[in-house]
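Student: My questions all concern the structure below.
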Amino acid sequence: NAGVTQTPKFQVLKTGQSMTLQCAQDMNHEYMSWYRQDPGMGLRLIHYSVGAGITDQGEVPNGYNVSRSTTEDFPLRLLSAAPSQTSVYFCASSTQGVNGYTFGSGTRLTVV
Amino acid sequence: ILNVEQSPQSLHVQEGDSTNFTCSFPSSNFYALHWYRWETAKSPEALFVMTLNGDEKKKGRISATLNTKEGYSYLYIKGSQPEDSATYLCAFLSGGSYIPTFGRGTSLIVHP
Chain F
4 NAGVTQTPKF
14 QVLKTGQSMT
24 LQCAQDMNHE
34 YMSWYRQDPG
44 MGLRLIHYSV
54 GAGITDQGEV
64 PNGYNVSRST
74 TEDFPLRLLS
84 AAPSQTSVYF
94 CASSTQGVNG
104 YTFGSGTRLT
114 VV
Chain B
495 ILNVEQSPQS
505 LHVQEGDSTN
515 FTCSFPSSNF
525 YALHWYRWET
535 AKSPEALFVM
545 TLNGDEKKKG
555 RISATLNTKE
565 GYSYLYIKGS
575 QPEDSATYLC
585 AFLSGGSYIP
595 TFGRGTSLIV
605 HP
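If you read the protein sequences in the order shown, they are chains F and B.
Following the numbering used here, the numbering of the first sequence begins with 4 at its first residue and continues without gaps.
Following the numbering used here, the numbering of the second sequence begins with 495 at its first residue and continues without gaps.
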């Protein structure tokens with residue numbers, strides 16, 4: 004049982020480049036979320052999805068896009084990377100939060 | 495943006511000490527309160543999911559209580575061990591959303 008799989012684990016981007024962080028879960032969870040973790044800021048919600056075809060913005064959505072074409076996958080796209088997007092990104096999934104959220108292993112992104 | 499506060503921000507204790515942390519959250523439109531344990535270089539893992547006022551949950555030496563009317567939860571660790579060193583996160587879920595809002599966490603360091 005793989006749980007939540009995030010790729011890549013590490014990435015360095017130049018300012019202005021775009022990229023996609025991948026997130027896949029095999030637990031048939033309806034709810035999926037992307038968070039970023041910055042020192043002293045805890046986990047802040049970027050975007051979330053409550054099912055295939057449904058996405059919504061969280062607390063810090065600017066500069067990011069998401070889509071949810073299948074239940075399993077929830078990719079996060081950085082449109083034009085900026086140094087302020089240097090962070091650790093976590094994907095998480097759950098069944099309506101009933102059993103808590105399962106987190107991926109994180110992606111450490113550096114934008115130079 | 496929902497206000498979820500955790501205190502203290504950090505805590506250093508000696509092996510064998512008992513300790514507790516606080517999570518404060520909005521007292522209206524409550525759905526669930528989660529506690530997560532987050533070890534360095536790993537992902538957050540769910541400890542407890544609490545849904546009812548007066549809930550008490552226990553897992554080994556760790557326990558948690560919930561007061562939804564006044565909007566707080568306590569996490570207790572009895573006889574702390576070095577392996578308990580981690581950041582402990584709480585997350586509030588409101589009814590109709592089911593998307594967690596995280597506190598900034600309490601960092602616990604247990605000294606041998």
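All C-beta atoms, glycine included, are put in the ideal place defined by N, C-alpha and C.
Does the distance from the CB of ALA526/B to the CB of THR105/F come in under 9 Å?
Tutor: The residue labelled residue 526/B in the question sits at position 32 within the second sequence. The residue labelled residue 105/F in the question sits at position 102 within the first sequence. No, the pair does not count as a contact, with Cβ atoms beyond the cut-off.
Student: Can you look up GLU539/B in the DSSP assignment and give me helix, strand or coil?
Tutor: The residue you call residue 539/B lines up with position 45 of the second sequence. If DSSP states are grouped into helix, strand and coil, GLU539/B belongs with the strands.
Student: Does the beta-carbon distance from VAL63/F to ARG47/F come in below 9 Å?
Tutor: Against the first sequence, residue 63/F aligns to sequence position 60. Against the first sequence, residue 47/F aligns to sequence position 44. Yes, Cβ-Cβ distance for VAL63/F and ARG47/F is below 9 Å.
Student: Counting only the same chain and skipping the five closest in sequence on each side, list residues whose C-beta sits under 6 Å from that of THR562/B.
Tutor: Here residue 562/B refers to the residue found at position 68 of the second sequence. Same-chain partners within the cutoff: PHE524 and ASN547.
Student: Does ASP511/B come out as helix, strand or coil in the three-state DSSP assignment?
Tutor: In the second sequence, residue 511/B corresponds to position 17, counting from 1. It is coil, neither helix nor strand.
Student: Report the residue from ILE593/B, HIS528/B and SER537/B whose alpha carbon sits nearest the alpha carbon of GLN40/F.
Tutor: For the purposes of this step, residue 40/F is taken as the residue at position 37 of the first sequence. Selected option, being the one with the closest Cα: SER537/B.
Student: Which of the three DSSP states, helix, strand or coil, is assigned to ASP578/B?
Tutor: Locating residue 578/B in the second sequence gives position 84, where the first residue counts as 1. ASP578/B falls in the helix class under three-state DSSP.
Student: Does the beta-carbon of VAL101/F have 16 or more other beta-carbons within 10 angstroms, so that it is buried, or is it exposed?
Tutor: Counted from its first residue, the first sequence places residue 101/F at position 98. Exposed is the call here.
Student: Measuring straight from C-alpha to C-alpha, what distance separates GLY56/F and LYS551/B?
Tutor: What you label residue 56/F is simply residue 53 of the first sequence in a count that begins at 1. What you label residue 551/B is simply residue 57 of the second sequence in a count that begins at 1. If I take the Cα positions, the gap works out to 36 Å.
Student: In chain order, what residues of the same chain lie with their CB nearer than 8 Å to the CB of LEU505/B, ignoring the 5 residues before and after it?
Tutor: In the second sequence, the residue the question calls residue 505/B occupies position 11. Contacts found: THR513, PHE515, THR600, SER601, LEU602 and ILE603.
Student: Does the distance from the CB of PRO576/B to the CB of PHE586/B come in under 9 Å?
Tutor: Numbered from its first residue, the second sequence carries residue 576/B at position 82. Numbered from its first residue, the second sequence carries residue 586/B at position 92. No, they are not a contact pair.
Student: Taking Cβ-Cβ distances shorter than 8 Å, what residues in chain B pair up with SER70/F?
Tutor: Along the first sequence, one-based indexing puts residue 70/F at 67. Under the 8 Å cutoff, chain B gives no residues; its nearest Cβ is about 17 Å from SER70/F.
Student: Could you round the C-beta distance between ASP76/F and CYS26/F to whole angstroms and report it? I think they count as a contact, below 8 Å.
Tutor: Here residue 76/F is taken as the residue at index 73 of the first sequence, counted from 1. Here residue 26/F is taken as the residue at index 23 of the first sequence, counted from 1. Confirmed, about 7 Å.
Student: State the start and end residues of the unbroken beta strand (DSSP E) segment that holds ILE556/B.
Tutor: Counted from its first residue, the second sequence places residue 556/B at position 62. 556-561 is the span of the beta strand (DSSP E), which, as asked, contains ILE556/B.
Student: Can you give the Cα-Cα distance for LYS572/B and VAL91/F, rounded to whole angstroms?
Tutor: Sequence index remark: in the second sequence, residue 572/B carries index 78 (1-based). Sequence index remark: in the first sequence, residue 91/F carries index 88 (1-based). The straight-line gap from Cα to Cα measures roughly 32 Å.
Student: Determine the closest residue to GLN508/B out of GLN500/B, ASP578/B and LEU569/B, with distance taken between C-alpha atoms.
Tutor: To locate residue 508/B, count along the second sequence from 1; it is residue 14. Checking every option, the nearest Cα to that of GLN508/B belongs to ASP578/B.
Student: Could you check what DSSP says for SER36/F in three-state terms: helix, strand or coil?
Tutor: Counting from 1 along the first sequence, the entry for residue 36/F is found at position 33. In this structure, SER36/F counts as strand in the three-state DSSP scheme.
Student: Under 9 Å between C-beta atoms, does GLU555/B make it to chain F?
Tutor: Translated into the one-based positions of the second sequence, residue 555/B becomes position 61. The sequence given here has Arg at residue 555/B, not Glu. Not one chain F Cβ lies under 9 Å of ARG555/B.
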